[in-house]
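Report on the following structure.
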Ligand code: SF4
Ligand code: SF3
């Protein structure tokens, strides 16, 4: 295996024997094969569209779901991935026939010609992974784009589940994947594709924002309980709000409470979910602390998306772990949607009834709900605070959290920030500082949490609005600095989206991605002045905050 798609990759270069995330070599290879099949399907879909033909929604769903299940910490279940490979091979062959019947000639590439069965999957997978591209710079650009597409697929799938879709996003996604298999583009042309990926990232996050807010209302300032109640509970993790809604509906009146974990915390900010009195609070912290926190939670856990940490062999909570959507874990029950997209959570609810209530691990409240609509309602107050000098700078600290010790930097950075700065956050990165007593500025909390990682879109909307209010020509003239933490591929699409909006001088940490070759990193530094982090003191000087 060779995988270097996340920040925790082995030695900062690539996982080769087993993933640091716990992904086994055979699972990584199954994912490589799935990506090979996805590229094949995309090549034909792209050719069909180029010839003016429609492509069935089945193709869009397959590509989106497959990309999503290869995201870091989403799926550890070989069988679940191999079933997608089977399905993809069958779909690809059908599409090839369709293209043939329409007189469309297809490129003579391995992605379309290989016809192996299950027994050949493992050996084939060895030849189709990341290292198939021998040129390090082209490999770097293709993978940067592919990881952006994986993040985009995740966000698109959530929007699609809520009935919101955009054909142009699928068209681009499949066109880009097709290019990575069938086109010999120059490095410059790949750079363009990467930046276009960012543009579609903005479009996708805007679509998901529309889907979430149309369905559940605009997030509003909310205090979220981090303690526990006296009844048994179900813990829901991941990012999918449709599952959140269904779980709340199905648990109502059952005597079972619902708690969010990690990236599901922002569900509390939506008006539609506030009406449920059994929606008690948020339990625990970012994804990587789940081994301890799931043990003390005592009740069942539902994963709607990444991040899953493989439970230890003797983990008693493994029997209470459920997966759905693109996620999977061997031995854990998978909840399948019916033909109408509905899910039956009754088995989880029945298990919860037999469990002890959660053990309290902390007490108190955290505040959030500062997505674009809410912040723009406070715009006058915010603008006054900037004009009077009460707020000197906004510091965007969105992104992911992770288990590396070096991420303590973000807590220390937040603590060391001058009192006239406000942190704008989104994503699970917030758990590094959202429980610190950082206070407020004229009633504006010093940590404004917009929501999940996809709600980084809100931060971009806020920045655009401030640019307008202050009558500036360039978003980079705003008193905003960017110190973003990344871990998995959703952060990659957030980064590309910000670049496509013209944001410069983003600092990305705790380390730059291993998949950026020195030459590609240089392009990003020269064009966008991207930097990384060093230590708190020096960085405060660089950001002119000391
Ligand atoms: Fe390694 Fe990250 Fe890939 Fe897991 S996802 S195998 S930790 S690079
Ligand atoms: Fe976190 Fe996995 Fe990325 Fe949605 S839950 S931000 S790491």
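In this note's numbering, the protein residues as written are 90 to 635.
Every residue, glycine too, gets a C-beta built ideally from N, C-alpha and C.
Computed from a predicted model, the values in this text were never measured in an experiment.
Asked: Any non-hydrogen atom of the ligand SF4 closer than 7 Å to residue 93 Cβ; Found: yes
Asked: beta-carbon residue 524 near the ligand SF4 non-hydrogen atom, thresh 7 Å; Found: no
Asked: Enclosing beta strand (DSSP E) for residue 596 [first to last residue]; Found: 596–598
Asked: Limits of the unbroken alpha helix (DSSP H) element including residue 589; Found: 578–589
Asked: Identified DSSP bridge partners for residue 489; Found: Residue 489 pairs with nothing; no bridge assigned.
Asked: Runs of beta strand (DSSP E) wholly within the stretch 383–410 (minimum 3 residues, chain order); Found: 390–392
Asked: Through-space distance from residue 263 to residue 126, alpha-carbon basis; Found: 12 Å
Asked: Residues that residue 223 bridges to, as DSSP identifies them; Found: Paired residues: none, contrary to the question.
Asked: The alpha helix (DSSP H) enclosing residue 154, as first and last residue numbers; Found: 146–158
Asked: Between the CA atoms of residue 129 and residue 200 - distance to the nearest angstrom; Found: 5 Å
Asked: Classification of residue 225 by the beta-carbon crowding that lies within 10 angstroms, buried from 16 upward; Found: exposed
Asked: Within the stretch 519–572, ranges of the beta strand (DSSP E) (whole runs, at least 3 residues); Found: 536–538
Asked: DSSP-derived helix/strand/coil call for residue 345; Found: coil
Asked: Closer than 7 Å: residue 112 CB and nearest the ligand SF4 heavy atom; Found: yes
Asked: Cα-Cα separation between residue 587 and residue 286, rounded to whole angstroms; Found: 11 Å
Asked: At least three beta-carbon pairs within less than 8 Å, the stretch 292–311 to the stretch 451–468; Found: yes
Asked: Those residues which DSSP pairs with residue 500 across a bridge; Found: In DSSP, residue 500 forms no bridge with anything.
Asked: Residues near residue 500 in its chain [Cβ-Cβ closer than 6 Å; skip 5 each side]; Found: 521 and 522
Asked: Residues near residue 330 in its chain [Cβ-Cβ closer than 8 Å; skip 5 each side]; Found: 247, 251, 301, 304, 305, 356 and 359
Asked: Alpha-carbon to alpha-carbon, residue 320 and residue 536; Found: 31 Å
Asked: Straight-line Cα distance separating residue 572 from residue 339; Found: 40 Å
Asked: Validate contact between the stretch 418–429 and the stretch 161–168 using beta carbons, cut 8 Å, 3 pairs; Found: yes
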